[in-house]
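K.L.:
The numbering of the sequence shown is the working numbering, which starts it at 188 and goes up by one.
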Amino acid sequence: MVQVVVQDSSAASLSCVALARARAASASASSASSTRATTHRWIPTGDEPLRTYAVEANSHITPPKQYLSRHGQLLEHAPFCERDLRAPNELLTGEDSDVEVYVKHRGQGPGGLAGTVHVIPDHPFDVVGWDGCLYPYAFNISDFEPITGRVHQPPPAHQVFEGANFVMCNFVPRKVDYHPLAVPVPYYHSNVDSDEVMFYVDGDYEARKGSGIGKGSISLHPGGHSHGPQPGAVERSLGAEYFDELAVMVDTFRPLSLGEAGTASDDGRYAWSWSGRGPSA
Ligand SMILES: [Fe+2]
188 MVQVVVQDSS AASLSCVALA RARAASASAS SASSTRATTH RWIPTGDEPL
238 RTYAVEANSH ITPPKQYLSR HGQLLEHAPF CERDLRAPNE LLTGEDSDVE
288 VYVKHRGQGP GGLAGTVHVI PDHPFDVVGW DGCLYPYAFN ISDFEPITGR
338 VHQPPPAHQV FEGANFVMCN FVPRKVDYHP LAVPVPYYHS NVDSDEVMFY
388 VDGDYEARKG SGIGKGSISL HPGGHSHGPQ PGAVERSLGA EYFDELAVMV
438 DTFRPLSLGE AGTASDDGRY AWSWSGRGPS A
């Protein structure tokens with residue numbers, strides 16, 4: 188199961204995503220062990236609004252296998268390297284006693300999950316050192332080196348992580364297709380085997396102009412529904428050399444269900460934005 192959760196608060200922006208990571212030696216995607224997640228806490232700083240796009244999975248989230256050697260090291264052609272993955276470098280403690288730890292686990296709730304608040308007498312981060320193979324780490328999207336080409340690069344060129352039955356791709360500011368006859372925006376496609384959730388972080392997403400999409404928007408393209416650039420986007424993109432866009436996509440290989448918040452945030456117009464008809468016309 189994959190969950191896409193978006194939170195919005197009045198705290199500061201974060202430029203990175205913390206993910207639970209386990210080294211290959213101890214990791215098993217099919218394992219039911221409790222090592223799938225690690226205790227962590229978000230501490231936003233600053234005054235700007237915080238918008239998070241949280242992806243939770245019932246498997247480990249790892250770099251794409253095509254970028255890993257058989258020993259688990261990132262290969263030279265990977266768009267990021269081990270130095271870009273930042274582990275905690277200092278101990279951080281909070282309250283001293285009766286600390287609440289929120290534990291998500293298998294149960295009778297939605298999606299077969301349940302939650303428990305586990306109160307422990309001392310802060311779990313109050314330790315004298317840190318060892319082991321499971322730890323949170325941060326990767327800043329600005330450290331992703333985009334892969335570009337003469338003709339359009341398909342989504343796997345943008346892949347940054349993967350888990351069981353889903354991949355994560357990011358679309359970062361980059362030089363675009365440089366064949367003299369190239370059409371820089373994506374071609375129309377029908378992602379037959381994937382539901383596609385896109386979070387538009389920053390910049391100006393070229394293919395979605397005129398659709399109502401802006402910073403902070405999320406789009407859902409369900410599997411089997413053909414889609415592509417909005418009307419006029421192909422013509423506007425001809426001759427472009429650079430796209431200033433920043434977006435993160437999750438492609439799932441199992442169907443997604445819309446939660447209450449997803450349904451409530453539907454603007455009712457996006458699905459019609461290719462046709463010139465519907466509520467936005
Ligand atoms: Fe798509």
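Beta carbons are placed, not taken as given, at the ideal position from N, Cα and C, and that holds for glycine.
#1: At a cut-off of 7 Å, is H414 close to ligand 1 when judged by its beta-carbon and the heavy atoms of the ligand?
#2: Cα separation between S406 and F386?
#3: Hey, could you find the ends of the alpha helix (DSSP H) R423 is sitting in?
#4: Rounded to whole angstroms, what's the CA-CA distance from T450 to D382? Just pull it up for me.
#5: By how many angstroms is the C-alpha of A241 removed from the C-alpha of Y254?
#6: Taking the alpha-carbon of C356 as reference, which of R238, I248, P466 has the nearest alpha-carbon?
#7: Drop a sphere of 10 angstroms on the beta-carbon of A244, count the other beta-carbons inside from all chains shown, and report buried for 16 or more, exposed for fewer.
#8: Can you find the residues in the same chain that come closer than 8 Å, C-beta to C-beta, to P311, ignoring five residues on each side of it along the sequence?
#9: What whole-angstrom Cβ distance do F430 and V347 have, given they're in contact under 8 Å?
#10: Cβ of N175 within 7 Å of any heavy atom in ligand 1?
#11: Quick check: is any heavy atom of ligand 1 less than 7 Å from the C-beta of E383?
#12: Out of L300, G419, E393, V290, point me to the one whose CA is closest to R228's CA.
#13: Counting Cβ pairs, one atom from each stretch, are 3 or more of them under 8 Å apart for the segment 409-417 and the segment 362-379?
P.N.:
Taking the geometry as given:
#1: yes
#2: 7 Å
#3: 420-424
#4: 16 Å
#5: 23 Å
#6: I248
#7: buried
#8: T226, V286, V288
#9: The Cβ separation is near 17 Å, so there is no contact.
#10: The structure shown does not extend to residue 175, since the chain spans only 188 to 468, so no value can be given for it.
#11: yes
#12: V290
#13: yes
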